[in-house]
Structure formats: structure tokens, C-alpha cells
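For what it's worth, full-length UniProt numbering labels the leading residue of the sequence shown as 1, then goes sequentially. Take a look at the structure below.
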Amino acid sequence: VSYFHLACVAPNGNFDDLNAAMDAANKQVDETAEDRKGGAADYAKIFFSAGDDSLIAIAHVPDNLKANIDIKEWIMAAMSSVGGQIVGDVYDNKLKAEAKADRNNNLFPLKMRDVAIGSG
Numbered sequence: 001v002s003y004f005h006l007a008c009v010a011p012n013g014n015f016d017d018l019n020a021a022m023d024a025a026n027k028q029v030d031e032t033a034e035d036r037k038g039g040a041a042d043y044a045k046i047f048f049s050a051g052d053d054s055l056i057a058i059a060h061v062p063d064n065l066k067a068n069i070d071i072k073e074w075i076m077a078a079m080s081s082v083g084g085q086i087v088g089d090v091y092d093n094k095l096k097a098e099a100k101a102d103r104n105n106n107l108f109p110l111k112m113r114d115v116a117i118g119s120g
């Protein structure tokens, strides 16, 4: 496994909280800790979070996989399936995207999340 997609519930559509989850996943593992956390820094991943009004995503592609995965193409492969757009520029090997809900057209963030996860 070199890459994966993950639904994160707790951030509830908040970029700061989703970014904190990504940073925690990328943290170096403390081998002496009883409860080991992190250790995913060498894997490409997209974390998705559905809020009330939008679906957000943060992609991370580490240096060792940049030759194989274009972060912009990858996040848009997932998010364009639900009308998403890139938010900002690449920072710390990460990139954000967002898709707004449209209840009149049956575009609800939780449903959009499942579609986006399957499309990337």
C-alpha cells in the first residue's frame, strides 16, 4: 500500500481540525510509548470530512512518492466527482479541496464523501 483514502468524522468539515488529524497521522512513532500513534508520513493519503455545508479534503503526498503521484491531479480525481475545487496552494506536501453542498440537487456532504472516496 502506497496510498489510501480515509473518512474522518470528528473534524466535521473544519479544515483546521482535519489538518491536525493529517499532522497526527504523519507524526513519527514514539517506539517507547504504550499507545503508538502516527507513522503514516511515507504514505500518500487523502482525508475527507463532511460538514453541514460542504465536503472538505486534504491530500498529502510525501517526497518519496511525488514522482508517481501528482497531488493536484489526485485530489481533483476525487473531488471533481462531487463538484469540488482546490483551495489554496500546496503547503508542506499537502493540498486542500472543498465541494459545497447543494440540497436542491441532492448533493449532501455525507453522500458526496462516499462518492469522492471511491473516485480518487
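Built from N, CA and C at the ideal position, the CB exists for glycine as well. Note that the coordinates shown come from a computational prediction; the quantities given were computed from them, not determined experimentally.
Are the CB atoms of residue i and residue j nearer to each other than 8 Å?
i, j, result
"D16", "A10", "no"
"I69", "Y3", "yes"
"A99", "L55", "yes"
"A41", "P62", "yes"
"G39", "A24", "no"
When the Cα of residue i is compared with those of the options, which residue comes out closest?
i, options, result
"K96", "R113, V87, A33", "V87"
"A44", "I56, S81, L6, N14", "L6"
"G83", "D42, F47, A33, P109", "P109"
"G120", "E34, S80, R36", "S80"
"M22", "R36, D35, I46", "I46"
"residue 121", "K94, L107, I71, A50", "Because the chain spans 1 through 120 in this model, residue 121 falls outside it and cannot be assessed."
Since residue i and residue j should fall inside the 8 Å C-beta cutoff, what is the C-beta to C-beta distance between them, to a whole number of angstroms?
i, j, result
"R113", "F48", "5 Å"
"H60", "K94", "5 Å"
Per DSSP, what are the beta-bridge partners of residue i in this structure?
i, result
"L107", "D102"
"F4", "K45"
"K96", "I58, V87"
Runs of beta strand (DSSP E) lying entirely within the region 29-87, each at least 3 residues, in chain order:
Runs of the beta strand (DSSP E) inside the region 29-87: 44-50, 54-60.
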